[in-house]
Amino acid sequence: MRLRFTKMQGSGNDFVMLDGITQQIGLEAQQFRHLADRRFGIGADQVLLVERARQPGTDFRYRIFNADGGEVEQCGNGARCFVRFVHDRGLTHKRTIRVETLGGLIEPRLEDDGRVTVDMGVPIFGPARIPFDAEGLVARSHDRDRLWPLSIHGRTVEFSVLSMGNPHAVQVVDDVEEAPVAKDGPVIEHHARFPRRVNAGFMEIIDRRAIRLRVWERGVGETLACGTGACAAAVAGILRGQLDSPVTVHTRGGALLIGWAGANQAVLLTGPAETVFEGEIEL
Numbered sequence: 000m001r002l003r004f005t006k007m008q009g010s011g012n013d014f015v016m017l018d019g020i021t022q023q024i025g026l027e028a029q030q031f032r033h034l035a036d037r038r039f040g041i042g043a044d045q046v047l048l049v050e051r052a053r054q055p056g057t058d059f060r061y062r063i064f065n066a067d068g069g070e071v072e073q074c075g076n077g078a079r080c081f082v083r084f085v086h087d088r089g090l091t092h093k094r095t096i097r098v099e100t101l102g103g104l105i106e107p108r109l110e111d112d113g114r115v116t117v118d119m120g121v122p123i124f125g126p127a128r129i130p131f132d133a134e135g136l137v138a139r140s141h142d143r144d145r146l147w148p149l150s151i152h153g154r155t156v157e158f159s160v161l162s163m164g165n166p167h168a169v170q171v172v173d174d175v176e177e178a179p180v181a182k183d184g185p186v187i188e189h190h191a192r193f194p195r196r197v198n199a200g201f202m203e204i205i206d207r208r209a210i211r212l213r214v215w216e217r218g219v220g221e222t223l224a225c226g227t228g229a230c231a232a233a234v235a236g237i238l239r240g241q242l243d244s245p246v247t248v249h250t251r252g253g254a255l256l257i258g259w260a261g262a263n264q265a266v267l268l269t270g271p272a273e274t275v276f277e278g279e280i281e282l
């Protein structure tokens, strides 16, 4: 099977884009792993598949496969690349599109300055919907947030736990560069309290409008940036009373802008989306 692909990146979070509208694509997990492999494949954090919409009132279906081959619910940086991809390839001329994902509907918008803003939907805090097993745990109130205590390597760490269409556990650290991301990230990801695993965010607060962030993504490991992780961290900081919207999130791959008015409002994610190269691969 010969596949056409486009390599894209958003703040250093890189993707293999596959057009499932103009070519027939039916891949298994091992083939997605091969595409994402940085030595034997193309190399990417995730493989993103564009398909025809199935739901009325939507423009496309957006499927996300992690580097381990598993399909996941949501990817914010990928959503920005998605709208740039379908627009550049002439699959749509709309600047704002409605896209169905496993995590729900999102609305990416191509801005006049070339950046992309994505309506990421309303954050989810109910443990059962995240999903997060909170049975037997006592959360500590911190302003409008609830901090959940989890045992990590024998010590208790407090987390903000929420979903941005995919699950996140966010902790505040003094210095993000010194944070034990590689050590603690896998333990948090596979913690028994998260039946579908979790993305682990390590957030350093710079001031009320800016943070530094590193994220250990489930099924991938640490990435240069994580769009939903940036949204989750900003929301957590606002609820803790430590941040004000909009929040500039500084990642190792660049800066993202997160806006959230609180309550039942959607989170807005703005950042770059760029094509790196195009090609074909034999599978």
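Note that numbering that gives the first Met the number 0 gives residue 110 to position 111 of the sequence shown, counting from 1, and the numbers run on in steps of one. By construction, the Cβ of each residue, glycine as well, lies at the ideal position given by its N, Cα and C atoms. Please read all numbers here as calculations on a predicted model, not as lab measurements.
Beta-carbon spacing of residue i, residue j below 8 Å
i, j, result
"Gly228", "Val214", "yes"
"Glu221", "Arg211", "no"
"Asp44", "Val219", "yes"
"Ile151", "Ile129", "no"
"Asn12", "Ala224", "yes"
"Ile41", "Lys6", "yes"
"Arg217", "Val197", "yes"
"Asn65", "Ser10", "no"
"Ala28", "Gly68", "yes"
"Ala178", "Phe201", "yes"
"Leu255", "His190", "no"
"Gln283", "Val275", "Outside the shown range of the chain, which is 0 to 282, sits residue 283, and nothing can be said about it."
"Arg60", "Arg53", "yes"
"Thr269", "Arg114", "yes"
Inter-residue Cα distance where the pair is residue i and residue j
i, j, result
"Met163", "Ala265", "10 Å"
"Leu47", "Asp174", "33 Å"
"Ala78", "Ile105", "8 Å"
"Gln73", "Asn165", "6 Å"
"Met16", "Ala35", "11 Å"
"Thr95", "Arg239", "32 Å"
"Gly111", "Arg3", "It should be noted that the sequence gives Asp, not Gly, for residue 111. Each residue's alpha carbon lies about 28 Å from the other."
"Pro107", "Thr91", "13 Å"
"Leu161", "Val248", "18 Å"
"Glu273", "Phe81", "10 Å"
"Ile257", "Ala199", "18 Å"
"Thr100", "Asp18", "16 Å"
"Leu267", "Gly135", "34 Å"
"Ala127", "Arg195", "11 Å"
"Arg51", "Val121", "25 Å"
"Ile24", "Leu109", "26 Å"
"Phe31", "Phe39", "12 Å"
"Phe193", "Asp58", "32 Å"
"Asp118", "Gly125", "20 Å"
"Val172", "Arg208", "17 Å"
"Ala260", "Pro271", "22 Å"
"His33", "His141", "44 Å"
"Gly278", "Asp183", "37 Å"
"Gly236", "Arg139", "15 Å"
"Asn263", "Pro185", "31 Å"
"Val98", "Thr116", "13 Å"
Cβ neighbour criterion (16 or more within 10 Å) applied to residue i
i, result
"Glu281", "exposed"
"Arg145", "buried"
"Met0", "exposed"
"Phe84", "buried"
"Arg37", "exposed"
"Ile123", "buried"
"Phe131", "buried"
"Arg154", "exposed"
"Ile205", "exposed"
"Ala168", "buried"
"Gln170", "buried"
"Thr21", "exposed"
"Val49", "buried"
"Val137", "exposed"
"Gly226", "buried"
Interface flag, residue i vs chain B, CB-CB below 8 Å
i, result
"Met0", "Going by chain labels, chain B is absent from the structure shown, which holds only one protein chain."
Any non-hydrogen atom of the ligand COA within 7 Å of residue i CB
i, result
"His152", "Absence of the ligand COA is noted for the structure shown, with no ligands found whatsoever."
Every unbroken alpha helix (DSSP H) inside the region 149 to 210 [4 residues or more]: Runs of the alpha helix (DSSP H) lying entirely within the region 149 to 210, each at least 4 residues long, are 180 to 188 in chain order.
Uninterrupted beta strand (DSSP E) stretches inside the region 42 to 83 (no shorter than 3 residues): Counting only runs of at least 3 residues, the region 42 to 83 fully encloses the following beta strand (DSSP E) elements, listed from N- to C-terminal order: 45 to 51 and 59 to 65.
Beta strand (DSSP E) runs wholly inside the region 90 to 138, at least 3 long, in chain order: The qualifying runs are 98 to 100, 103 to 109 and 115 to 118.
Whole runs of the alpha helix (DSSP H) within the region 208 to 242, excluding any shorter than 4 residues: Runs found: 226 to 238.
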